[in-house]
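Here's the structure, in structure tokens; my notes come after.
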Amino acid sequence: MASTPGFKRPRGTQDILPEEAERWRRLEALVHRHSAAFGYGEIRTPVFEESELFIRTAGASSDIVRKEMYTFRDHGGRLLTLRPEGTAGVGRAYLENGLASAPQPVKLWYLGPMFRYDRPQAGRYRQHTQYGIEIFGASSPLADVEVILVAHDLFERLGLTDVVVHLNDIGCPRCRPAYREALVGYLVSRVDRLCADCRERLARNPLRIFDCKDEDCRGLLEEAPLSVEYLCPECRAHHERVEEGLTALGIPFVEDPRLVRGLDYYTRTVFETVHQPRDTGTDAGRAERVLCGGGRYDGLIEELGGPPTPGVGFGMGLERLLATVAEQGLEPPQAVGENRALVFVVSLGTSLAAEGFRLARALRRAGFAAVNDLLERSLRAQLKAADRAGARWALIVGEEEAARGVVTVRDLRSGRQDEVPTGDVVEVLLREV
RNA sequence: GUGGAUGUAGCUCAGUCGGUUAGAGCGCCAGGUUGUGGCCCUGGAGGUCGCGGGUUCGAAUCCCGUCAUUCACCCCA
Numbered sequence: 014m015a016s017t018p019g020f021k022r023p024r025g026t027q028d029i030l031p032e033e034a035e036r037w038r039r040l041e042a043l044v045h046r047h048s049a050a051f052g053y054g055e056i057r058t059p060v061f062e063e064s065e066l067f068i069r070t071a072g073a074s075s076d077i078v079r080k081e082m083y084t085f086r087d088h089g090g091r092l093l094t095l096r097p098e099g100t101a102g103v104g105r106a107y108l109e110n111g112l113a114s115a116p117q118p119v120k121l122w123y124l125g126p127m128f129r130y131d132r133p134q135a136g137r138y139r140q141h142t143q144y145g146i147e148i149f150g151a152s153s154p155l156a157d158v159e160v161i162l163v164a165h166d167l168f169e170r171l172g173l174t175d176v177v178v179h180l181n182d183i184g185c186p187r188c189r190p191a192y193r194e195a196l197v198g199y200l201v202s203r204v205d206r207l208c209a210d211c212r213e214r215l216a217r218n219p220l221r222i223f224d225c226k227d228e229d230c231r232g233l234l235e236e237a238p239l240s241v242e243y244l245c246p247e248c249r250a251h252h253e254r255v256e257e258g259l260t261a262l263g264i265p266f267v268e269d270p271r272l273v274r275g276l277d278y279y280t281r282t283v284f285e286t287v288h289q290p291r292d293t294g295t296d297a298g299r300a301e302r303v304l305c306g307g308g309r310y311d312g313l314i315e316e317l318g319g320p321p322t323p324g325v326g327f328g329m330g331l332e333r334l335l336a337t338v339a340e341q342g343l344e345p346p347q348a349v350g351e352n353r354a355l356v357f358v359v360s361l362g363t364s365l366a367a368e369g370f371r372l373a374r375a376l377r378r379a380g381f382a383a384v385n386d387l388l389e390r391s392l393r394a395q396l397k398a399a400d401r402a403g404a405r406w407a408l409i410v411g412e413e414e415a416a417r418g419v420v421t422v423r424d425l426r427s428g429r430q431d432e433v434p435t436g437d438v439v440e441v442l443l444r445e446v
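Using our numbering, the letters of the first sequence map in sequence onto residues 14 to 446.
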């Protein structure tokens, strides 16, 4: 990264240049259409909230709260935090705007930047973009199924295959204590075989031990009690119906009894959608990518001071999604009506520059993309610029044309050109496009 | 927060054992063609060698620190 200028972008952030920005625009447009097609409404909430909101919902013991929040005090002394995830703010907005009294379920989607003070790595940034959906007011497993379906079908629309859902159920406040006790009981008697990290987890958040990559810990966990074995009858039935739903819809999933989530507000269903390339050939070292993570959070709204309200949703990392799409040689689909042929208006000499602007304006009003020369360059240089810009036509206005009230229309693909009366140019091009 | 690798032109990279004006390809600009793009030819612009310090007669090159990128952890999207 050469750095002639004195300023550099902050660590873990990105500049998105025009070519890449176009891919973003297409993906965002697709997300918009896709969400609407499922009947979700867009919600836009602030990028910062009271710090307490995140502490309360994510949990004081979560990594997000312990070390990843961008927190600051404003001039009024308020303690604020750049949002590290989307659900808390949406839940807050749901309550604050009386959506609890709207017809249920309330289905919302959002897209925007999230901030976490992480160490940057492949597919991980301090500012990243998340697309997420939330369903409030639906306790049925059908809602869980739809949430997973929305993600699955988005991947399908992008042409991504090799995507599989990892599914688990971590129970509810009624059955989790018993499970937690069983797990801790199992591990406490074997604490000497746990790695240092896991000993700490044991006290703070024992479920997280399932995330450990240490071989000894993993071996120990082979025999450990699993949350699905301790589900109460209601949770068990819920879990089974989610699986039935996925099966009925042909959504590939695997039971992953060791999948846990980092945030305290999850109940019952937790899932991750993972992309794992089929060819294990060359870059086998590349870790599988978690594109989407989510689950059910029936306690969230109550935690925020609202009425008991079930919720399910997911968050999806768009940087990762875009990177995965690119790796697979795919492009986000173009939106209809997006592509307008580009016309380059060549004007020769200072006296005709205004005519160049006028022609370009007329073309834009007719729906073309049109640019005109701003450097007063030679004909040769302007045509070269037109070529590089990928223009379909060059319109040439020089002394000779101006004197006769015509413009030269050059087709840059074939090299053929004709003179057309100035007033007819737009019509002629419209016929050809 | 931990460990490894890497920082030379806009981009991808050479640069020998420490040696004098730091190079190539691509890209950019101009000319060859005073009104015709792509191909070709010629020329040109563009560099605090990431930054700071140290060793040395002399540092892109060696040492230390720092920042950034990247890979693996922690964790997550």
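All C-beta atoms in this analysis are idealised placements derived from N, C-alpha and C, irrespective of residue type, glycine included.
Here the C-alpha atom of Ile148 lies approximately 22 Å from the C-alpha atom of Phe61. At a Cβ-Cβ threshold of 8 Å, Arg423 and Ala407 count as neighbours. Here the C-alpha atom of Cys230 lies approximately 16 Å from the C-alpha atom of Val273. Assigned with DSSP and collapsed to three states, Pro219 falls in helix. The beta carbon of Glu63 is closer than 8 Å to those of Arg91, Leu92, Leu93 and Thr94 in its chain, skipping five residues each way along the sequence. Around the beta-carbon of Lys120, 16 or more other beta-carbon atoms lie within 10 Å, marking it buried. Distances from the CA of Pro118 to each of Pro133, Tyr130, Leu155 and Gly308 were compared; the closest alpha carbon is that of Leu155. Secondary structure at Ser360: strand, using DSSP grouped into helix, strand and coil.
For Glu159, the uninterrupted alpha helix (DSSP H) run begins and ends at Pro154 to Arg170, by DSSP. As computed with DSSP, Tyr144 is found in a beta bridge with Leu124 and Met329. Going by DSSP, Pro434 is part of the beta strand (DSSP E) stretching over Gln430 to Pro434.
The distance from the Cβ of Cys248 to that of Cys185 is about 5 Å, consistent with a contact at the 8 Å cut-off. Within 10 angstroms of the beta-carbon of Ile161 lie 16 or more other beta-carbons, which makes it buried. Under DSSP, the beta-bridge partners assigned to Asn385 are Val358. When the alpha-carbon of Tyr53 is set against those of Gly25, Ala106 and Ile146, the nearest one is in Ile146.
Distance from the Cα of Ser48 is smallest, within the candidate group Leu259, Ala382 and Glu159, for Glu159. Its Cα nearest to that of Val349, the residue Arg39 stands out among Val356, Arg39 and Val438.
Residue range Val419 to Asp424 is occupied by the beta strand (DSSP E) that includes Val419. Judged by DSSP secondary structure, Val178 falls within the beta strand (DSSP E) whose first and last residues are Val176 to Asp182. Fully contained in the stretch 251 to 314 are the following beta strand (DSSP E) runs of length 3 or more, in chain order: 266 to 268, 280 to 288 and 302 to 309.
For Ile56, the three-state secondary structure derived from DSSP is coil.
Short of 7 Å from the beta carbon of Val441, and not among the five residues preceding or following it, lie these beta carbons of its own chain, in chain order: Val422 and Val433.
For Tyr144 against Leu331, the beta-carbon gap comes to about 6 Å, under 8 Å, which counts as contact.
Here Thr70 is buried, its C-beta having at least 16 other C-beta atoms within 10 Å. With a minimum length of 3 residues, the unbroken runs of beta strand (DSSP E) contained wholly in the stretch 22 to 71 fall at 61 to 63. Contact between the stretch 171 to 184 and the stretch 281 to 292 is present: three or more C-beta pairs spanning the two stretches fall below 8 Å.
By the CB criterion at 8 Å, Gly72 and Thr322 fall outside the cutoff. In the structure shown, the three-state DSSP call for Tyr138 is coil. Residue range Tyr83 to Arg86 is occupied by the beta strand (DSSP E) that includes Phe85, with no alpha helix (DSSP H) assigned at that position. Note: Ala407 is bridge-paired with Phe357 and Arg423 in the DSSP secondary-structure output. Taking C-alpha positions only, Pro126 is separated from Arg221 by approximately 26 Å. Straight-line spacing of the CA atoms in Leu425 and Trp37 works out to 29 Å. Rounded to the nearest angstrom, the Cβ distance from Leu334 to Leu313 is 25 Å, too far for a contact under 8 Å.
Annotation: Gly25 to Asp437 spans about 52 Å, alpha carbon to alpha carbon. Taking the C-beta atoms as reference points, Gly102 is found nearer than 8 Å to Thr58. Sixteen is the threshold: since fewer than 16 other Cβ atoms of the shown chains lie within 10 Å of the Cβ of Asn110, the residue is exposed.
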